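In the order they appear, the protein sequences are chains A and B.
Residue numbers for the first sequence follow the working numbering, beginning at 105 and rising by one.
Residue numbers for the second sequence follow the working numbering, beginning at 2 and rising by one.
Notes to accompany the following structure.
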Amino acid sequence: GDFPPPPYSETCRQGLYPPKEKPTDIATYEVNLDLPPAKRWAQLAADKAAEMKDLISVIKKLVNSFSGGLIIDLVDKDLPKLLSGLPADSVAEMQGIAQAANIPLGEIFLYNVFYEFNAF
Amino acid sequence: CTSIVAETPSGEIHHARDMDFGLLMGWDTQNDTWLLTEKLRPLIVTGDFTRNNQTIFKAVSFAGYIGVLTGMKPQKFSLTVNERYSVKGSGLSGILKWILGQRTGSWMGFLTRDVFENVDTYAEAKAVLSSKLLIGPIYFIIGGVNSGEGAVLSRSIEKTIDTHDLDAKNGTWFVLETNYDRWKAPLFIDDRRTPATRCMNEMGAANATLANLFNVLNTKPVLNKLTVYTSLMNVKAGILETYIRFCADPCWPW
């Protein structure tokens, strides 16, 4: 890449706000907590299914690259056991997302805990 | 990530963050970008969580992720989460315990979501996030509505090992967290703390507006190739603004 080595010395930027983009360029979805958990994310999951599949395929490749397939196998085979300690509503929400986006539940679970995986 | 909570001389609290994600997750040598970071941007959405047709809280999320990494409960509190790397007590042990059936720790995303749904005050949010057992180490950065309501909680799996509170009367008018413990020097090739702190001090408390925090968070290398979005929050005013970010070359990879 085209970047100088540290220590970094860029001067503090001014006048960048408001940026050209608008905050309204990001879609807002209502997540109605009065609905059954499995239905709360249905519209969002359906709208973004392709992008979610794209991301999850990258996550799976990355997880496989350091675990040699062990973690993906574990998630596939022992998913009910892995989900058993989670809040029931969270599991139902992930099931709803999996169904609406047509993505296996294990992959949605992996996506939802990937932030913690990434840290180690 | 870089998260900042700042207090103005009039006691107004602002909370802002850069979400950086995807470090070492596939570097695209043709475009000089991180593969995972690029895949995350199209998934950014704002969630308006409602009950009885009223907004309970708002969160910036990635479609399909049900936890909260950036959120704001109007008139109550705001929260951002930064990754914390720790060799001792890393997330690995917590994840292995979970896999082996020891379910005492909470996954961070599910915990933060629960806090937004069920907690109504800054003090209680701080107490819950300080005390719950976790799967892995993390930084929780919380903001509120009253003077002094802002803190960085440095969490291990078991406990809070450091709390850095706003204390404007004694000169601490902002708290700032990247991905390193504040009592240790950051990795010299990943020092976003020094430039961000310098820009905050140049700005000064009197000029601590959301617009100026946006300037700080978009100064390189605080803004870098891992930056997915910048969020600006003011709990009292109920503001949560989010902007998808790209770092034009020359730009550091982290």
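Yeah, the Cβ is synthetic: ideal placement off N, Cα and C, and Gly gets one too.
Here the structure is a predicted model, which is why all the values come from computation and not from measurement.
Given Glu155 of chain A as reference, the closest of A:Tyr219, A:Ile212, A:Asn222 and A:Phe221 once Cα atoms are compared: Your numbering for residue 155 of chain A matches position 51 in the first sequence. Nearest of A:Tyr219, A:Ile212, A:Asn222 and A:Phe221 to Glu155 of chain A, Cα basis: A:Ile212.
Under 8 Å from the C-beta of Asn53 of chain B: neighbouring residues of chain A: By one-based count along the second sequence, residue 53 of chain B stands at place 52. Contact annotation for Asn53 of chain B against chain A: Asp138 [CB-CB distance below 8 Å, chain order].
task: Would you mind giving the Cβ-Cβ distance between Asn225 of chain B and Cys200 of chain B, rounded to the nearest angstrom? I have them listed as a contact below 8 Å.
output: On the second sequence, residue 225 of chain B is found 224 positions in, with the first residue counted as 1. On the second sequence, residue 200 of chain B is found 199 positions in, with the first residue counted as 1. Actually they do not touch by this definition, with Cβ atoms about 14 Å apart.
- prompt: Could you give the uninterrupted runs of the beta strand (DSSP E) lying entirely in the region 43-120 of chain B, keeping only those of 3 residues or more?
  reply: DSSP runs (the beta strand (DSSP E)) wholly in the region 43-120 of chain B: 45-52, 55-63, 71-74 and 78-84.
task: Please list the partners that Phe221 of chain A has in chain B, where partner means a Cβ-to-Cβ separation under 8 Å.
output: The residue you call residue 221 of chain A lines up with position 117 of the first sequence. Here the neighbours are Gly92 and Ile96.
query: So, using beta-carbon positions, are Arg114 of chain B and Val69 of chain B closer together than 7 Å?
result: Locating residue 114 of chain B in the second sequence gives position 113, counting from the first residue. Locating residue 69 of chain B in the second sequence gives position 68, counting from the first residue. Yes.
task: Determine, using beta carbons only, whether Ser171 of chain A comes closer than 7 Å to chain B.
output: Here residue 171 of chain A is taken as the residue at index 67 of the first sequence, counted from 1. Put simply, the CB of Ser171 of chain A is far from chain B, with every gap to its CB atoms at 7 Å or more.
- prompt: Smallest Cα separation from Glu8 of chain B: which of B:Gly48, B:Ala209, B:Ile240 and B:Leu177?
  reply: On the second sequence, position 7 is the one that residue 8 of chain B refers to. Closest option to Glu8 of chain B, Cα to Cα, is B:Ala209.
- prompt: Would you say Val135 of chain A faces chain B, with C-beta separation under 7 Å as the test?
  reply: Taking the first sequence and counting its residues from 1, one reaches residue 135 of chain A at position 31. Under the 7 Å criterion on CB atoms, Val135 of chain A is classed as interfacial with respect to chain B.
task: Evaluate Glu125 of chain A with the Cβ neighbour count: other Cβ atoms within 10 Å of its Cβ, from every protein chain shown; 16 or more gives buried, anything less gives exposed.
output: Position 21 of the first sequence, counting from 1, holds the residue named residue 125 of chain A. Here Glu125 of chain A is exposed: its Cβ has fewer than 16 other Cβ atoms, across all protein chains shown, within 10 Å.
task: Please report the residue range of the beta strand (DSSP E) in which Asn235 of chain B lies.
output: In the second sequence, counting from the first residue as 1, residue 235 of chain B sits at position 234. Looking at the DSSP string, the run of the beta strand (DSSP E) that includes Asn235 of chain B is Thr228 to Asn235.
- request: Could you name the residues of chain B that Asp180 of chain A contacts, counting a contact when the two beta carbons are closer than 9 Å?
  value: Your numbering for residue 180 of chain A matches position 76 in the first sequence. Ordered by position in chain B, no residue passes the 9 Å Cβ test against Asp180 of chain A, which lies about 13 Å from the chain.
field: Contacts of Val153 of chain B in chain A (Cβ-Cβ under 8 Å)
entry: Position 152 of the second sequence, counted from the first residue, corresponds to residue 153 of chain B. Within 8 Å of the CB of Val153 of chain B, no CB atom of chain A is found; the nearest one sits about 17 Å away.
message: With the cut-off set at 7 Å, would you say Tyr140 of chain B and Glu178 of chain B are in Cβ contact?
response: Within the second sequence, numbered from 1, the residue matching residue 140 of chain B stands at position 139. Within the second sequence, numbered from 1, the residue matching residue 178 of chain B stands at position 177. Yes, these two residues count as a Cβ contact at 7 Å.
- prompt: Are any of the Cβ atoms in chain A nearer than 7 Å to that of Cys200 of chain B?
  reply: The residue given as residue 200 of chain B occupies position 199 in the second sequence. Taking Cβ atoms only, chain A reaches closer than 7 Å to Cys200 of chain B, which makes this a yes.
message: Could you tell me the alpha carbon to alpha carbon distance between Asn257 of chain B and Ala60 of chain B, rounded to whole angstroms?
response: Because chain B here runs from 2 to 255, residue 257 of chain B falls outside it and cannot be looked at.
query: Mind pulling the beta strand (DSSP E) runs of 3 or more residues that sit fully within the region 183-251 of chain B?
result: Fully contained in the region 183-251 of chain B are the following beta strand (DSSP E) runs of length 3 or more, in chain order: 228-235 and 240-245.
message: Between the region 191-200 of chain B and the region 30-48 of chain B, can you find at least three pairs of beta-carbon atoms closer than 8 Å?
response: At 8 Å Cβ cutoff, the stretches do not touch.
- prompt: Is the region 75-93 of chain B close to the region 118-137 of chain B, with three or more CB pairs under 8 Å?
  reply: Short answer: they touch.
message: Classify Phe170 of chain A: buried if its beta carbon has 16 or more other beta carbons within 10 angstroms, exposed otherwise.
response: To locate residue 170 of chain A, count along the first sequence from 1; it is residue 66. By the Cβ-count criterion, Phe170 of chain A is exposed, with fewer than 16 other Cβ atoms from all chains shown falling within 10 Å of its own Cβ.
- request: Give the residues from the region 210-229 of chain B that approach chain A closer than 8 Å (Cβ to any Cβ), ordered along the chain.
  value: Within the region 210-229 of chain B, Leu211, Ala212, Asn213, Phe215, Asn216, Val217, Asn219, Thr220, Lys221, Pro222 and Lys226 place their CB atoms closer than 8 Å to a CB of chain A, listed in sequence order.
- prompt: Taking C-beta to C-beta, are Leu154 of chain B and Leu130 of chain B nearer than 7 Å?
  reply: As a working note, residue 154 of chain B is residue 153 in the second sequence. As a working note, residue 130 of chain B is residue 129 in the second sequence. Contact: yes.
query: In three-state DSSP terms, what is Tyr140 of chain B?
result: For the purposes of this step, residue 140 of chain B is taken as the residue at position 139 of the second sequence. Three-state result, Tyr140 of chain B: strand.
- prompt: For Thr38 of chain B, which three-state DSSP category applies?
  reply: The residue labelled residue 38 of chain B in the question sits at position 37 within the second sequence. Helix.
message: According to DSSP, is Ser188 of chain A part of a helix, a strand, or is it coil?
response: Counted from its first residue, the first sequence places residue 188 of chain A at position 84. Here Ser188 of chain A sits in coil by DSSP.
query: Do three or more CB pairs link the region 130-137 of chain A to the region 17-35 of chain B at distances below 8 Å?
result: As far as the Cβ criterion goes, the region 130-137 of chain A does not touch the region 17-35 of chain B, which means the pair count is below three.
Terminal residues of the beta strand (DSSP E) in which Asp166 of chain B lies: Looking up residue 166 of chain B in the second sequence gives position 165. Boundaries of the beta strand (DSSP E) around Asp166 of chain B: Thr161 to Asp166.
query: CA-CA distance, Val167 of chain A and Ala207 of chain B?
result: Mapped onto the first sequence, residue 167 of chain A falls at position 63. Mapped onto the second sequence, residue 207 of chain B falls at position 206. The alpha-carbon separation between Val167 of chain A and Ala207 of chain B amounts to approximately 46 Å.
message: For the beta strand (DSSP E) containing Asn136 of chain A, name the first residue and the last one.
response: In the first sequence, counting from the first residue as 1, residue 136 of chain A sits at position 32. DSSP places Asn136 of chain A in the uninterrupted beta strand (DSSP E) bounded by Thr132 to Asn136.
message: Nearest by alpha-carbon distance to Phe63 of chain B: which of A:Ala192, A:Lys164 and A:Leu159 is it?
response: Taking the first residue of the second sequence as 1, we reach residue 63 of chain B at position 62. Looking at A:Ala192, A:Lys164 and A:Leu159, the one whose alpha-carbon comes closest to that of Phe63 of chain B is A:Leu159.
- prompt: DSSP three-state call for Asp182 of chain A: helix, strand or coil?
  reply: Your numbering for residue 182 of chain A matches position 78 in the first sequence. If DSSP states are grouped into helix, strand and coil, Asp182 of chain A belongs with the helices.
- prompt: Going by C-alpha distance, which of B:Gly65, B:Glu159 and B:Phe50 is nearest Ala204 of chain A?
  reply: Taking the first residue of the first sequence as position 1, residue 204 of chain A is located at position 100. When each option's Cα is compared against that of Ala204 of chain A, the closest is B:Gly65.
- request: Answer with buried or exposed for Leu25 of chain B, where buried requires no fewer than 16 other C-beta atoms within 10 angstroms of its C-beta.
  value: Your numbering for residue 25 of chain B matches position 24 in the second sequence. Looking at its Cβ environment, which holds fewer than 16 other Cβ atoms inside 10 Å, Leu25 of chain B is exposed.
- request: Please report how far the alpha carbon of Pro31 of chain B lies from the alpha carbon of Tyr219 of chain A, in whole angstroms.
  value: Taking the second sequence and counting its residues from 1, the one referred to as residue 31 of chain B is at position 30. Taking the first sequence and counting its residues from 1, the one referred to as residue 219 of chain A is at position 115. Per the sequence shown, the amino acid found at residue 31 of chain B is Gln instead of Pro. Approximately 26 Å, taken between the alpha carbons.
query: Is Ala202 of chain A close to chain B, meaning its C-beta is less than 7 Å from at least one C-beta of that chain?
result: Locating residue 202 of chain A in the first sequence gives position 98, where the first residue counts as 1. So no, Ala202 of chain A is outside the interface.
field: Interface residues of chain A facing Phe26 of chain B [CB-CB closer than 9 Å]
entry: On the second sequence, position 25 is the one that residue 26 of chain B refers to. Residue 26 of chain B is actually Met in this sequence, not Phe. Near Met26 of chain B (Cβ distances below 9 Å), the residues of chain A are Val162, Ile163, Leu166 and Asn222.
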